[in-house]
Structures are given as structure tokens and as C-alpha cells.
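Trainee:
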Amino acid sequence: MSLSNSDLEVLLCSPCRLRALTDAELMDALRSGCNDALATLFERHSALVFQIARGSLCSDGEAEATVRRVFGDVFQAKDEFNSDRDSFTTWLLKQAEPRPGRPLA
43 MSLSNSDLEV
53 LLCSPCRLRA
63 LTDAELMDAL
73 RSGCNDALAT
83 LFERHSALVF
93 QIARGSLCSD
103 GEAEATVRRV
113 FGDVFQAKDE
123 FNSDRDSFTT
133 WLLKQAEPRP
143 GRPLA
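Quick note: the sequence shown uses the numbering used here, first residue 43, plus one each step.
If you want it as C-alpha cells, here you go:
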């Protein structure tokens, strides 16, 4: 899906419309400059990331820091998401995996 400037303007003005989009469409909107799309993805998926992080970390604070890091990573890696290859949830959870040189929290 490719968003035109007029489509993007409508989305920017209407968070309710963003909530109606699929995760892949939200990633397209995010890549097109609609940063509110990340907030909608956060609303949908932050509890899952928190739950997984909390299961392997010692505190809620560390789990919350992990959620912030993961969604920051999502923003930074937005151009790497490919809806033909991964579901958003699968890709998101890959962003949450610890990597060498980068702590989980």
C-alpha cells in the first residue's frame, strides 16, 4: 500500500482512522511520515512486549525500558519491515530479541 499525500494528511488528522488500519498498513504510514502510526502500533502491541520482557527480567522497570527500546528500534528499522516476508508481530518480536552488544533492557 502506498499512501498519497492527501491520504497521509487524512490519517494525521484522524487517529481513529489509524486504528482501523492493519499493522502492515500502519508500517506503510510510518514510513510515509505519519509518526502517529507508531503510537497505534504501541497501543496494540506494547502489552505483549512487556509481558515477554517481564518474564525474563527482574523488574517492571526493566521491562518498561525494554518496551521503550523495542518501539524505538521499530521506528529506526521501519524501512526493514517487509509484510511479504513477516507478520508485524513476528518482526516486532525479532526486534525485542537481545543481540550481541545490546542488553535486553
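Note that CB positions come from ideal geometry on N, CA and C, so glycine has one too.
Report all residues from its chain with a CB closer than 6 Å to the CB of L83; omit the five preceding and five following residues, and keep chain order.
Mentor: Working through the sequence shown from its first residue, we reach residue 83 at position 41. So the list reads L68, once near-sequence residues are dropped.
Trainee: Is DSSP giving E139 helix, strand or coil here?
Mentor: Working through the sequence shown from its first residue, we reach residue 139 at position 97. Coil.
Trainee: Is C100 buried or exposed, if buried means 16 or more other CB atoms sit within 10 Å of its CB?
Mentor: Along the sequence shown, read from residue 1 onward, the residue named residue 100 stands at position 58. C100 is exposed by the Cβ-count criterion.
Trainee: Taking 8 Å as the threshold (beta carbon to beta carbon), is D115 in contact with chain B?
Mentor: Given the protein chain composition of this structure (a single chain), no chain B is represented.
Trainee: Give the straight-line distance between the Cα atoms of D115 and A62, rounded to the nearest whole angstrom.
Mentor: Sequence index remark: in the sequence shown, residue 115 carries index 73 (1-based). Sequence index remark: in the sequence shown, residue 62 carries index 20 (1-based). If I take the Cα positions, the gap works out to 23 Å.
Trainee: Tell me the residue span of the alpha helix (DSSP H) that contains E85.
Mentor: Working through the sequence shown from its first residue, we reach residue 85 at position 43. Note, E85: alpha helix (DSSP H), 78-98.
Trainee: Taking buried to mean at least 16 other C-beta atoms within 10 Å of its own C-beta, is T131 buried or exposed?
Mentor: Position 89 of the sequence shown, counting from 1, holds the residue named residue 131. Taking all protein chains shown into account, T131 has fewer than 16 neighbouring C-beta atoms within 10 Å of its C-beta and is therefore exposed.
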